[in-house]
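Sequences listed follow chains A and B, in order. Using this note's numbering, the first residue of the first sequence is number 9, and each one after it goes up by one. Using this note's numbering, the first residue of the second sequence is number 13, and each one after it goes up by one.
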Amino acid sequence: MSGLSLAARQVRAENRAFWRNPAAAFFTFAFPLIFMVLFNVLFGGSPPGAAYTPAHFFTPAIVALSIISACYTNIAMAITSARDEGILKRVRGTPLPEWAYLAGRIGQAVLVALLLVVIVSAFGEVVYGVEFPFERLPFLLAALVMGAATFCALGLAISAFIPNADASPAIVNATVLPLLFISNVFARVDEGTPAWLDTLSRVFPVRHFADLLHAAWDPRASPGFDPVQWAILAGWLVLGVLVASRSFSWEPRA
Amino acid sequence: MTMRAAIEISGLRKAYGPVLAVDGVDLGVREGEVFALLGPNGAGKTTTVEILEGYRHRDAGEVRVLGHDPARRERSLLEQVGIVLQSNGVERYLNVREILDLYRGYYPKPRPTDEILRLIGLEEKAGAKIRTLSGGQRRRLDLGIALCGDPRLLFLDEPTTGFDPNARRHAWELVRALTGEGRTVLLTTHFMDEAADLADRLAIIKAGRIVAEGTPAQIAARASGTTRIRVRLPPSAGDLPAEITGVGRRPDRDGVLQLETHDPTRTLHALTAWALAHDIALDELSVTRPSLEDAYLELTGAGADVSAGVAA
């Protein structure tokens, strides 16, 4: 069997295993929606008639959150526990190419991420009247592909720094939660935000990914190509791929 | 049985930092034989096997597995090999048949799923989720997964550690059934009876070096120990004749007499002649030659000076 069809089989197997744990699957999808409802209740929802409402902010913000948790958080945790349990070592003793196994994991994460994008966008449109930006679909798709690739690569990369599965929630959350707060996801970076925090957040990929999605959803904006945003995202993508390919571990740590 | 080599190792060395885990190992495993690598924990068994499996790089020496250098991790080699590691997990939310089918898909000529299920005795559990299997059933599934590609060479790293005696017997029967098919098996174990029961040949490894190699009988014969003669004498039996020497001439409270002798033929002859002459029944008569265990304990120094602390 060719590598590609082996990778496709892996995606199917991972996907089947994912849905066999309905409680985990349910909260994977419920979690971003809970945040979306909470933020809209806390920060004002959608006053009728306004062109740009808090819901216009939180719909793309929660789409960003969805991609980041489906790709970065889930891959890092799933890979670490598969490594701890010896699944990675077992697979490596078979003729399955290593990249095909990882492609299976990534493919499954991307499927979940895609489904979340649809659910969150639909929720925003139906409940809060935030229109899905069909007219900016190419821009949006490019941003989503870039974000998914970057956060998948970083998820694989961070697993190299997680000593064991028990430590992975703490490490993964510590690396991503603060960024979510300073990167236009959980809260808006505006005039009230200290300048240094704004500058700091621009170093990291979360900010630029979220900003791309905000630009796609904001009816007042005319999104264009900002080379700095894309370059920083691409830099993190390359860094993730490099670290993962150099330091990725298939064996449980002693 | 062909005499072609399935595995050839010469001058193999591997160190972890300052600790030499494998220190100049030479070994040959013929195609179609069951070969056991026997040794205490930390002796270098697992390190050696993991080099053969392609998990670890050697520091020095030559290694050939089915004609390949395992360090290159060529797909054509991995397709012919089955590996049962000491402990490894499996995707928890799939069932037994799905797991086997998933792994079968990695190989060019997979063994039929139902045949594997029958071999490992998990036909009844084909639809069971992995989470619901007992420890012994999971270990059998490990073996089933290793058989998915119908391998020419099977690595079994301490396959029965943690098994109860019954489960161990079952596992041995299974391994014997597999080797009847002309497959080569390299097994590591620290159980003497396992090596004696399963292996055509074995090597004893201690502190990274091979200290003995041969058939179980050849290695047992290297023990300098005495032959043990054990018999239960009736209370009416009188004193033993003077020509019966050896340790423990007097029976214990239950009438059990244990003799240890370097000259079993003469001792046994004297004993039976005496019993016939006095019409004494020799109940429960047994003669035990030095065992593989005796040889093992001698060769490994009963573990006294085996360097510890290496996760091998």
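All C-beta atoms, glycine included, are put in the ideal place defined by N, C-alpha and C.
Could you give the first and the last residue of the continuous alpha helix (DSSP H) run that contains residue i?
{"i": "lysine 97/A", "result": "95-100"}
{"i": "alanine 233/B", "result": "228-233"}
{"i": "serine 89/A", "result": "82-92"}
{"i": "leucine 149/A", "result": "145-167"}
{"i": "glutamine 18/A", "result": "11-27"}
Count the other CB atoms within 10 Å of the CB of residue i; is the residue buried (16 or more) or exposed (fewer)?
{"i": "arginine 213/B", "result": "buried"}
{"i": "glycine 132/A", "result": "buried"}
{"i": "histidine 290/B", "result": "exposed"}
{"i": "phenylalanine 142/A", "result": "exposed"}
{"i": "leucine 129/B", "result": "buried"}
{"i": "valine 108/B", "result": "buried"}
{"i": "glutamate 127/B", "result": "exposed"}
{"i": "glutamate 65/B", "result": "buried"}
{"i": "threonine 277/B", "result": "exposed"}
{"i": "histidine 274/B", "result": "exposed"}
{"i": "leucine 269/B", "result": "buried"}
{"i": "valine 19/A", "result": "buried"}
{"i": "histidine 281/B", "result": "exposed"}
{"i": "phenylalanine 233/A", "result": "exposed"}
{"i": "aspartate 264/B", "result": "exposed"}
{"i": "isoleucine 42/A", "result": "exposed"}
{"i": "asparagine 172/A", "result": "exposed"}
{"i": "threonine 207/A", "result": "exposed"}
{"i": "aspartate 219/A", "result": "buried"}
Just to confirm the assignment, what range does the beta strand (DSSP E) spanning residue i have?
{"i": "arginine 180/B", "result": "Taken as a continuous stretch (DSSP letters only), arginine 180/B belongs to no beta strand (DSSP E), being part of the alpha helix (DSSP H) at 177-191."}
{"i": "aspartate 295/B", "result": "295-300"}
{"i": "isoleucine 217/B", "result": "213-218"}
{"i": "aspartate 162/B", "result": "Run containing aspartate 162/B: none; DSSP gives neither H nor E here."}
{"i": "alanine 207/B", "result": "That residue, alanine 207/B, is in no beta strand (DSSP E); its alpha helix (DSSP H) goes 204-210."}
{"i": "glutamate 272/B", "result": "268-273"}
Using the three-state DSSP reduction, which class does residue i fall into: helix, strand or coil?
{"i": "leucine 104/A", "result": "coil"}
{"i": "leucine 252/B", "result": "coil"}
{"i": "tryptophan 258/A", "result": "coil"}
{"i": "glutamate 310/B", "result": "helix"}
{"i": "leucine 245/A", "result": "helix"}
{"i": "leucine 73/A", "result": "helix"}
{"i": "phenylalanine 217/A", "result": "helix"}
{"i": "histidine 290/B", "result": "coil"}
{"i": "threonine 239/B", "result": "strand"}
{"i": "tyrosine 28/B", "result": "strand"}
{"i": "glycine 36/B", "result": "strand"}
{"i": "glutamine 98/B", "result": "coil"}
{"i": "glutamate 305/B", "result": "helix"}
{"i": "threonine 14/B", "result": "A caution first: threonine 14/B carries a pLDDT of 47, below 50, which makes its placement in the model too unreliable to give a value."}
{"i": "lysine 121/B", "result": "coil"}
{"i": "isoleucine 179/A", "result": "helix"}
{"i": "glycine 52/A", "result": "coil"}
{"i": "serine 146/B", "result": "coil"}
{"i": "leucine 199/B", "result": "strand"}
{"i": "arginine 76/B", "result": "strand"}
{"i": "alanine 323/B", "result": "For alanine 323/B, the predicted structure reports a pLDDT of 35, less than 50, and the residue's modelled location is therefore unreliable. A value from the coordinates is still provided. Note: alanine 323/B maps to coil in three-state DSSP."}
{"i": "isoleucine 114/A", "result": "helix"}
{"i": "arginine 151/B", "result": "helix"}
{"i": "arginine 85/B", "result": "coil"}
Figure out for me which residue from the options has the closest Cα to the Cα of residue i.
{"i": "alanine 72/B", "options": "Ala48/B, Asn100/B, Leu145/B, Asp35/B", "result": "Asp35/B"}
{"i": "glycine 23/B", "options": "Glu43/B, Pro246/B, Leu155/B, Arg76/B", "result": "Arg76/B"}
{"i": "isoleucine 132/B", "options": "Tyr119/B, Pro228/B, Val187/B", "result": "Val187/B"}
{"i": "glycine 44/B", "options": "Leu283/B, Ile157/B, Arg301/B, Glu193/B", "result": "Glu193/B"}
{"i": "glycine 11/A", "options": "Arg98/A, Tyr60/A, Trp107/A, Ala31/A", "result": "Trp107/A"}
{"i": "alanine 161/A", "options": "Leu188/A, Ala224/A, Ile87/A", "result": "Ile87/A"}
{"i": "threonine 238/B", "options": "Lys121/B, Pro124/B, Leu288/B, Glu310/B", "result": "Glu310/B"}
{"i": "leucine 50/B", "options": "Arg143/B, Glu255/B, Ala208/B", "result": "Ala208/B"}
{"i": "glycine 57/A", "options": "Tyr136/A, Ala31/A, Tyr109/A, Pro103/A", "result": "Tyr136/A"}
{"i": "leucine 304/B", "options": "Ile216/B, Pro228/B, Gly267/B", "result": "Pro228/B"}
{"i": "glycine 267/B", "options": "Glu103/B, Pro247/B, Leu114/B, Arg164/B", "result": "Pro247/B"}
{"i": "serine 350/B", "options": "Glu136/B, Ile21/B, Leu153/B", "result": "Residue coverage of chain B in this structure runs from 13 to 324, which leaves residue 350/B outside it and unanswerable."}
Can residue i be considered in contact with the ligand NAP, in the sense that its beta carbon sits closer than 7 Å to one or more heavy atoms?
{"i": "asparagine 181/A", "result": "Judged by which ligands are present, the structure shown has none, so any question about the ligand NAP falls away."}
State whether the region 62-82 of chain A contacts the region 174-193 of chain A, with contact taken as three or more CB pairs (one from each stretch) at a distance under 8 Å. For the pair of segments examined, the region 62-82 of chain A was found to touch the region 174-193 of chain A: the number of CB pairs separated by less than 8 Å reaches three.
Evaluate contact between the region 148-168 of chain A and the region 211-220 of chain A, counting only Cβ atoms and requiring at least three cross-stretch pairs below 8 Å. Yes: the two stretches touch, three or more of their Cβ pairs being nearer than 8 Å.
With a cut-off of 8 Å, do at least 3 Cβ pairs link the region 144-154 of chain A to the region 39-47 of chain A? In this structure the region 144-154 of chain A does not lie against the region 39-47 of chain A, because fewer than three pairs of beta carbons, one per stretch, are closer than 8 Å.
Pairs of beta-carbons, one from the region 230-246 of chain A and one from the region 67-74 of chain A, closer than 8 Å: are there three or more? In short, these stretches do not touch, since the Cβ pair count stays below three.
Are the region 117-127 of chain A and the region 34-41 of chain A in contact at 8 Å, needing three or more beta carbon pairs? Yes, they touch.
Should the region 198-206 of chain B be regarded as contacting the region 161-170 of chain B, the criterion being three or more beta carbon pairs within less than 8 Å? Cβ pair count under 8 Å is three or more, so yes.
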